[in-house]
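Numbering (UniProt numbering), first residue to last: 1 to 157. Note that beta-carbon positions come from the ideal geometry of N, C-alpha and C, so glycine has one too. Note that the coordinates shown come from a computational prediction; the quantities given were computed from them, not determined experimentally.
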């Protein structure tokens, strides 16, 4: 079966004569591939990582403002929803780093063949999942230990 649609538009040359020029295919023409989704995800996680850094600045501002503001910030970050947001931010930073390393390798001219791209995508997802999980568990364990030590000392917050 042949696609009979013409992906052309009418343009003009510098001398004024009309010509037909090819149009870029629209999103419906492309088949979604893992490498395409990962590249788009790398851009999205860059935005999320920046937003998380802005939240970090607000947290530092609360710490500088005084004990009352810092206690409020700790309540937000100690809340399960706040911790979920922090874990999501951590995962986005890790993925953006892994994706950035992947793009640097491509910019150096390596691993740019179709087969290599298809093999590297699942590896990037696996590395992101593994590193994010290890870091999140470690950070939550440290927070739990600190919370239990404060509870034993009588400083429940």
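List the endpoints of the continuous alpha helix (DSSP H) containing residue 146. Taken as a continuous stretch (DSSP letters only), the alpha helix (DSSP H) holding residue 146 covers 114-153.
By the 10 Å Cβ neighbour count, where 16 or more other Cβ atoms means buried, how is residue 50 classified, buried or exposed? exposed
The alpha helix (DSSP H) enclosing residue 102, as first and last residue numbers: 80-107
Taking the C-alpha atoms as reference points, what is the distance between residue 101 and residue 43? 13 Å
Hey, quick one: how far does the beta strand (DSSP E) through residue 21 stretch, first residue to last? Start and end: 18-22.
What distance in whole Å lies between the Cβ atoms of residue 91 and residue 128, which are believed to be in contact at a cut-off of 8 Å? 7 Å
Helix or strand or just coil, what does DSSP make of residue 9? strand
Identify whether residue 66 lies in helix, strand or coil by the three-state DSSP scheme. coil
DSSP state of residue 43, grouped into three classes? Three-state result, residue 43: helix.
Own chain, CB closer than 7 Å to residue 185, minus 5 neighbours either side, in chain order: As shown, the chain starts at 1 and ends at 157. That puts residue 185 outside it, with no answer to give.
CB-CB under 6 Å to residue 95, same chain, minus the five flanking residues each way: which ones, in chain order? For residue 95, where only same-chain residues beyond five positions count, the Cβ hits under 6 Å are 45 and 128.
Exposed unless 16 or more other CB atoms sit within 10 angstroms - verdict on residue 62: If you draw a 10 Å sphere on the C-beta of residue 62, you find 16 or more other C-beta atoms in it, and that means buried.
Measuring only the C-alpha atoms, how far is residue 21 from residue 8? 5 Å
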